Amino acid sequence: MKKTVKDINWHNLTAIERCDFNVPLKDGKITDETRIIAALPTIKYLIDNGAKIVLLSHLGRPKGKPNEDCSLKPVASKLSEHLGIDVNFLKSDNVVDDGVKNEIKKLKAGEVAILENTRFRKEEEENDTDFAKELASLGDIFVQDAFGTAHRAHASTAGIASFLPAVAGFLIEKELNFLGKTLDSPERPFVAIMGGAKVKDKIPVITSLLEKVDTVIIGGGMSYTFFKARGFEIGKSICDDEGLELARDIMAAADEKNVKFLIPVDTLASFEFDNDSPSETYDMDKIPEDRMGMDIGEKTIKLYKDELKNAKTVIWNGPMGVFEMPNFARGTEEIAKCLADLKDAKTIIGGGDSAAAVAQFGLSDKMTHISTGGGASLEFIEGKSLPGISCIEDK
Ligand code: AMP
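Residue numbers 327 to 721, in this note's numbering, belong to the letters of the sequence shown in order.
So, in structure tokens, the structure goes:
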């Protein structure tokens, strides 16, 4: 068990809290506040318990240089609105400087300040010791609440914990409870649904899941690589040629471990990668040369729903088709609806595209847990040690 903010007496202490405020911006306005809202419980807890609070986050990819377009200023305003108190935005192109240090010294219990984007400094992603030490010098306890970057060893996500005691915030605690406990002791049948474009990216996670699950369901762009690996033609569908051999190995391993491995039996295929390109459903072994698979077909939807009907635990990562295009979103939506309707099953959505898809269909609150990290949740499921988690003290 990891220590959490509840294990600390915050009286007179300054919390340096790493959040994930990597929010989408358009013309300087935040277009999706989900990550800000998700961070509020830990911040509120710290306020209510008398801590002085300094928030850290990255936003976008400023590549180690100050960049107005990636400033955390709009996040500070939004936080002020949600918390109902003034959140002090400590503007500095250098993230930390003497002015920032002075402002932090002036903080009183229950007050909140936020530094500028940590990635304005190239030392952040280099996990530079001096930068980590500089950040650590601003407070007493490091609070880790950014699951989305927990798989990265950066100065503000892991390095800082070499110089300060580290505890988990509520978001991290929730991820460990849901992802961790589910993988350690799943109720069976345990089904993993894997989609997305590239086999190569998902190989380690599928390999690791073969040790744990009863069934693997494959969808999305990588279905065609698996099908081609079985010796079939796939028309113009995307194929991860480098992943073909790996796909064969995985299917052989699934066989050996008695894990049911389902790939689509039919597909909705169009001429071009375009929502308006005419489309038709074909059995997988009959995809015409000039067509590309864009979504799973009706027979596959039924096959997958039948399999999911009895599941007691489901982990889903990656869409079933090109769900961003309305004409090719049906497969992903039907699977999302099926999970939403499951009674007595734990449904865990790995972050990234599957989380976006579930939100797009308005089904987020019907799932047991939606992970706040895409890459991080994959590495967690793989069983890797995440630097941003392993640095948190055990109870
Ligand atoms: P990934 O980032 O690997 O999880 O892949 C997610 C992306 O895969 C989404 O943007 C989907 O649009 C895309 N995708 C899903 N199905 C297909 C397909 N049949 N052909 C091409 N791309 C796909």
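Glycine included, every Cβ here is placed at the ideal spot set by N, Cα and C.
Model, not experiment: these values are computed from the prediction.
Of the residues Gly547, Thr330, Leu712, Ile342, the one placed nearest Thr444, counting alpha carbons only: Ile342
Entirely enclosed alpha helix (DSSP H) segments - the region 599 to 661, minimum 4 residues: 624 to 635
For Ala494, the three-state DSSP class (helix, strand or coil): Strand at Ala494.
CA-to-CA distance, Asp466 to Gly561, given in whole angstroms: 59 Å
Where the beta strand (DSSP E) through Ser596 begins and ends: Element bounds for Ser596: 592 to 596.
Distance cut-off 6 Å: Ile564 Cβ against heavy atoms of the ligand AMP: yes
Burial state of His337 (16 or more Cβ within 10 Å): exposed
N-terminal and C-terminal residue of the alpha helix (DSSP H) that Phe558 is part of: Counting along the chain, Phe558 falls outside any alpha helix (DSSP H), and DSSP gives it neither H nor E.
Limits of the alpha helix (DSSP H) - the one that Phe457 falls within: 455 to 462
Collapsed DSSP secondary structure at Lys528 in the structure displayed: helix
Met520: CB within 6 Å of a non-hydrogen atom of the ligand AMP: no
At least three beta-carbon pairs within less than 8 Å, the region 627 to 636 to the region 678 to 690: no
Heavy atom of the ligand AMP within 6 Å of Ala555 beta-carbon: no
Of the listed residues Ile564, Thr475, Val517, nearest to Glu451 (C-alpha basis): Thr475
Nonlocal neighbours in the same chain, by C-beta distance under 6 Å from Ala555, ignoring five residues either side: The residues are Leu570, Ala573, Arg574.
Cβ pair Ala365, Leu339 closer than 7 Å: no
CA-to-CA distance, Gly410 to Ile373, given in whole angstroms: 12 Å
Cβ-heavy atom distance, Pro590 to the ligand AMP, below 6 Å: no
Minimum length 3: unbroken beta strand (DSSP E) runs contained in the region 653 to 712: 672 to 675
Residue environment, Ile543, which counts as buried when at least 16 other CB atoms sit within 10 Å: buried
From Lys459, Ser418, Asp679, Gly714, residue whose alpha carbon lies closest to that of Ser397: Nearest C-alpha to Ser397: Ser418.
CB contact flag (Gly714, Ala484, <7 Å): Yes.
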